[in-house]
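These protein sequences, in sequence, are chains A and B.
FYI, in this note's numbering the residues of the first sequence are 125 to 309.
FYI, in this note's numbering the residues of the second sequence are 6 to 311.
Cβ atoms here follow ideal geometry from the backbone N, Cα and C, with glycine treated the same way.
Beneath this line is the structure, given in structure tokens, with notes to follow.
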Amino acid sequence: MKIRALLLAVLLPGLALAMSTPPQAPVAAAPGNAGIMLRDDVLRASPGAAAEGVAKLGKGDKVRVLAGDGGWTQLYAAGKTGWVRILSVKSEVSTPPDLGALAEAGKRPSDPGRVVAVAGARGLDEVELKAARFNPEELALLDSYAASRADAEQFAQLASLTRRDVPYPPKPESRATPSPMSKQP
Amino acid sequence: MKHSLPWIILTLCGIGLAQAGDFDKFLKGLIKEKTQQPAAPAQPVAPTAPTAPAAPATAPGKPADQLLKALLSGNTSQEEEARIGQQISGNLLGAAPLVRDEGLQRYVNRVGRWVALQSERPDLPWRFGVIESDDLNAFAAPGGYVFLTKGLYRKLRNEAELAGVLGHEIGHVIRKHHLKLLQKSQAIAALGSFFGSKLKNENEIVQNLIGNGAEIVARGLDKDAEYEADRIGLVLGARAGYDAYALPAVLAEIGHVAKSDKSVSLLFKTHPLPEDRLGQLSEAVGERLDGLAEGQSGAGRFYRLR
Chain A
125 MKIRALLLAV LLPGLALAMS TPPQAPVAAA PGNAGIMLRD DVLRASPGAA AEGVAKLGKG
185 DKVRVLAGDG GWTQLYAAGK TGWVRILSVK SEVSTPPDLG ALAEAGKRPS DPGRVVAVAG
245 ARGLDEVELK AARFNPEELA LLDSYAASRA DAEQFAQLAS LTRRDVPYPP KPESRATPSP
305 MSKQP
Chain B
6 MKHSLPWIIL TLCGIGLAQA GDFDKFLKGL IKEKTQQPAA PAQPVAPTAP TAPAAPATAP
66 GKPADQLLKA LLSGNTSQEE EARIGQQISG NLLGAAPLVR DEGLQRYVNR VGRWVALQSE
126 RPDLPWRFGV IESDDLNAFA APGGYVFLTK GLYRKLRNEA ELAGVLGHEI GHVIRKHHLK
186 LLQKSQAIAA LGSFFGSKLK NENEIVQNLI GNGAEIVARG LDKDAEYEAD RIGLVLGARA
246 GYDAYALPAV LAEIGHVAKS DKSVSLLFKT HPLPEDRLGQ LSEAVGERLD GLAEGQSGAG
306 RFYRLR
């Protein structure tokens, strides 16, 4: 996330030049992107369920999305800055507009802040997939890496990963009752 | 696909009438006819395939016959599923080989198997592989095959995110999404074989069913299958003890890649956009995870690519 912010910081002036528009000054009153709360949730002081709550937000509340950190999203809302679960909020502008243009601008050799395309970047498109020929050696190699049940269980134990009982949530449209932990049929 | 189905049914009915018999008989006849043809060069993948010239017409119950029937009826056995998955995976690996890093591959297999153990099909012969491609993508094939690209692996920040991505693909396998796709399209393959194909053995039948090479993985499933796989991936990761929000975090990360970037062109062509997937997950999850203890990120032992 921090890396992305840095990257944007480097790229944005380049984009501004490329689009011949003056660089936008940060607006203190409305930082970040517009967002909307998808459910009631507590705004927390730091990313963590045990972190202190700083405000209560309601479904439909308009917020400003500042940053992300794994499964947490940083918001500015109700005059406070804090964190909610990533699924609690929807960023209305998930990608900055003209990011395509940004990428294009980034590819210009003259652009000092350009994204350097990896030399010999290897894609995997439909044409290649269609033309693919069966490779028995690779398949045998794949088999040789397989992990047994016991192997996987031991591996989980090493990291103190323990099984938890979590039912599958049903498809949203079929949600008949809003019971929080209803069993999957 | 959906639009072509009624047409296929109509056509099949037509053939049924024209043959004045049931389709089953027609298929059996087809297989017999084909196995009686002179031998073709043996396929390297199946030394056991019938290649003897003028082999006597085989009794019903021949594997190839069974496979077609199983696909037509939608009742494939685990072995048949694996057979199809093997062909698709072998082809996919022909386009993008495994990353030559044994530590990485073994690590991914252990994480993947642990996640798969939380599913309804824990004992499939699960295989996980990181393939050589800078694209961001992941693939599944029937019978327990799961692949992700090196490009996507590089985007991941911890083991929980890897578990979420693998969990999504495991979801496709356990809900047989690709088999269902094949079932919808195999009628076309059956027609194709009727109109002058050269099916000689099981390999050819499988290949004929899955199309050219590994194109089936580029075909894309319907949106509902993707949303379902997201729900399963999130839940399997959580069951395995990982941070339940790791898969959404990966989706958000992918959402930040420019839509025009070549590395996501196939991914975005075959999947709903990340923001839609996140919206669907939000709606499905609601408050269901609120009581769940914080899972692990597994950042400490995450295998870093060389």
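Closest residue to residue i among the options (Cα-Cα distance)
i	options	result
A/Tyr269	B/Gly169, B/Val120 and B/Val116	B/Val116
B/Gln83	B/Leu103, B/Gly169 and B/Lys181	B/Lys181
B/Arg88	B/Ala145, B/Tyr232, B/Pro102 and B/Leu72	B/Leu72
A/Asp185	A/Lys214, A/Ala169 and A/Ala173	A/Lys214
B/Asn142	B/Glu174, B/Leu297, B/Ala245 and B/Val211	B/Glu174
A/Ala255	B/Gly296, B/Leu241 and B/Glu220	B/Glu220
B/Gly169	B/Gln301, B/Arg309, B/Gly305 and B/Leu310	B/Gln301
B/Glu299	B/Ala289, B/Gly242 and B/Arg311	B/Gly242
B/Ala165	B/Thr275, B/His177, B/Val120 and B/Gly149	B/Val120
B/Ile136	B/Asp128, B/Leu122, B/Leu129 and B/Val113	B/Val113
A/Leu211	B/Glu280, B/Gly296 and B/Arg309	B/Glu280
A/Gly195	B/Gln212, B/Asn163 and B/Lys155	B/Asn163
A/Ala173	A/Pro155, A/Trp207 and A/Asn157	A/Trp207
B/Leu171	B/Phe152, B/Ala257, B/Gly296 and B/Gly99	B/Phe152
B/Leu184	B/Val211, B/Gly108 and B/Tyr232	B/Val211
A/Asp275	B/Asp295, B/Leu122 and B/Leu167	B/Leu122
A/Pro291	B/Leu167, B/Arg244, B/His261 and B/Ala146	B/Arg244
A/Gly182	A/Pro171, A/Gly192, A/Leu190 and A/Gly159	A/Gly159
B/Phe307	B/Ala101, B/Glu85, B/Gly99 and B/Leu109	B/Leu109
B/Asp101	A/Asn157, A/Asp165 and A/Glu261	The residue asked about is misnamed: residue 101 of chain B is Ala in this sequence, not Asp. The option with the nearest alpha carbon to B/Ala101 is A/Glu261.
A/Asp372	B/Leu239, B/Asp140 and B/Gln285	Outside the displayed span of chain A (125 to 309) sits residue 372 of chain A, for which this structure offers no information.
Span of the alpha helix (DSSP H) around residue i
i	result
B/Val255	Ala251 to Gly260
B/Tyr232	Lys228 to Arg244
A/Ala276	Arg273 to Leu282
B/Gln91	Gln83 to Ala100
A/Leu265	Pro260 to Ser268
B/Val120	Glu107 to Ala121
B/Phe307	Unbroken run through B/Phe307: none, as it is neither H nor E.
B/Val170	Glu164 to Ile179
B/Val329	Given that chain B is displayed from residue 6 to residue 311, the structure contains no residue 329 of chain B and the question cannot be resolved.
B/Ile145	In the sequence under discussion, the amino acid at residue 145 of chain B is Ala, which differs from the Ile named in the question. Counting along the chain, B/Ala145 falls outside any alpha helix (DSSP H), though it belongs to the beta strand (DSSP E) covering Ala143 to Ala146.
Euclidean distance between Cα positions of residue i and residue j
i	j	result
B/Ser270	B/Lys264	7 Å
B/Gln188	B/Gly90	14 Å
B/Gln92	A/Phe258	7 Å
B/Thr40	B/Leu76	The predicted position of B/Thr40 is uncertain, since its pLDDT is 40 and thus under 50; a value taken from the coordinates is nonetheless stated next. Looking at the two C-alpha atoms, the distance is approximately 19 Å.
B/Gly305	A/Ala283	9 Å
B/Arg311	B/Glu292	40 Å
B/Thr81	B/Gly148	10 Å
B/Gly247	B/Leu283	Residue 247 of chain B is actually Tyr in this sequence, not Gly. Taking the straight line from one Cα to the other gives about 18 Å.
B/Ser287	A/Leu162	7 Å
B/Asn208	B/Ile259	37 Å
A/Pro296	B/Arg126	24 Å
B/Glu107	A/Ala201	47 Å
A/Ala154	B/Gly156	35 Å
A/Ala175	A/Leu167	9 Å
A/Arg287	B/Ser124	11 Å
B/Val104	A/Lys180	47 Å
B/Asp266	B/Val178	28 Å
B/Ala96	A/Leu253	The amino acid at residue 96 of chain B is misidentified as Ala; the sequence shows Asn. The alpha-carbon atoms of B/Asn96 and A/Leu253 are separated by roughly 8 Å.
A/Gln198	A/Arg209	9 Å
A/Ala204	A/Val178	The displayed chain sequence assigns Lys, not Ala, to residue 204 of chain A. Going by the C-alpha atoms only, they are around 7 Å apart.
B/Leu294	A/Pro293	10 Å
Any non-hydrogen atom of the ligand GDP closer than 6 Å to residue i Cβ
i	result
A/Arg257	This structure simply doesn't include the ligand GDP, nor any ligand for that matter.
Opening and closing residue of the beta strand (DSSP E) in which residue i lies
i	result
B/Asn217	Run containing B/Asn217: none; DSSP gives neither H nor E here.
A/Ser215	Val213 to Ser215
B/Ile136	Arg132 to Ile136
A/Thr344	This structure does not reach residue 344 of chain A, given that chain A is present from 125 up to 309, and the question cannot be answered.
A/Lys186	Lys186 to Asp193
A/Val166	Asp165 to Arg168
A/Ile210	No beta strand (DSSP E) holds A/Ile210; DSSP gives it neither H nor E.
A/Leu181	Gly177 to Leu181
B/Tyr150	Tyr150 to Thr154
A/Ala158	Asn157 to Met161
- Item | Selection of the stretch 77-107 of chain B by Cβ proximity to chain A, strictly under 8 Å | Result list: Gln91, Gln92, Ser94, Gly95, Asn96, Leu97, Leu98, Gly99, Ala100, Ala101, Pro102, Leu103 and Glu107.
- Query: Between the stretch 261-284 of chain B and chain A, which residues of the former have CB atoms less than 9 Å from a CB of the latter, in chain order?
  - Reply: Going along the stretch 261-284 of chain B in chain order, one finds His261, Val262, Ala263, Lys264, Ser265, Asp266, Lys267, Ser268, Ser270, Leu271, Lys274, Leu278, Pro279, Glu280, Leu283 and Gly284 with a Cβ nearer than 9 Å to chain A.
- Message: Any C-beta of chain B within less than 9 Å: which residues of the stretch 274-296 of chain A qualify?
- Response: Residues Asp275, Ala276, Glu277, Gln278, Phe279, Ala280, Leu282, Ala283, Ser284, Leu285, Thr286, Arg287, Arg288, Asp289, Val290, Pro291, Tyr292, Pro293, Pro294, Lys295 and Pro296.
- Item | Residues from the stretch 253-265 of chain A in contact with chain B, defined by Cβ distance under 7 Å | Residues are counted here when their Cβ sits less than 7 Å from a Cβ of chain B; for the stretch 253-265 of chain A these are Leu253, Lys254, Ala255, Ala256, Arg257, Phe258, Asn259, Pro260, Glu262, Leu263 and Leu265, given in chain order.
- Task: Could you tell me whether the stretch 271-288 of chain B touches the stretch 223-231 of chain B, using the rule of 3 or more Cβ pairs below 8 Å?
- Result: With the rule of 3 Cβ pairs closer than 8 Å, the stretch 271-288 of chain B counts as touching the stretch 223-231 of chain B.
- In chain order, what residues of the stretch 181-212 of chain A put their CB closer than 9 Å to some CB of chain B? Taking 9 Å as the Cβ-Cβ cut-off against chain B, the residues of the stretch 181-212 of chain A that qualify are Gly192, Asp193, Gly194, Gly195, Trp196, Thr197, Arg209, Ile210, Leu211 and Ser212.
- Message: Tell me which residues of the stretch 226-245 of chain B have at least one Cβ-Cβ distance to chain A shorter than 8 Å, keeping chain order.
- Response: Residues Asp229, Tyr232, Glu233, Arg236, Ile237, Val240, Ala243, Arg244 and Ala245.
- Item | Contact set between the stretch 128-140 of chain B and chain A, restricted to residues whose Cβ is under 9 Å from the partner | Within the stretch 128-140 of chain B, the qualifying residues are Asp128, Pro130, Trp131, Arg132, Phe133, Gly134, Ile136, Glu137, Ser138, Asp139 and Asp140.
- Message: Short of 7 Å Cβ to Cβ, which residues in the stretch 209-227 of chain B face chain A?
- Response: Look at the stretch 209-227 of chain B: the residues with a C-beta under 7 Å from a C-beta of chain A are Asn217, Gly218, Ala219, Glu220, Val222 and Ala223.
- Message: To be precise: take each residue of the stretch 164-183 of chain B, compare its Cβ to all Cβ atoms of chain A, and keep it if any distance is under 7 Å. Which residues remain?
- Response: Flagged: no residues at all.
- Message: Under 9 Å, CB to CB, which of the residues in the stretch 117-128 of chain B have a partner in chain A?
- Response: If the cut-off is 9 Å between Cβ atoms, the stretch 117-128 of chain B has Gly117, Arg118, Trp119, Val120, Ala121, Leu122, Gln123, Pro127 and Asp128 near chain A.
- Message: For the stretch 150-180 of chain A, list every residue whose C-beta sits within 8 Å of some C-beta in chain B, in sequence order.
- Response: Taking 8 Å as the cut-off between beta carbons, the residues of the stretch 150-180 of chain A near chain B are Leu162, Arg163, Gly172, Ala173 and Ala174, in sequence order.
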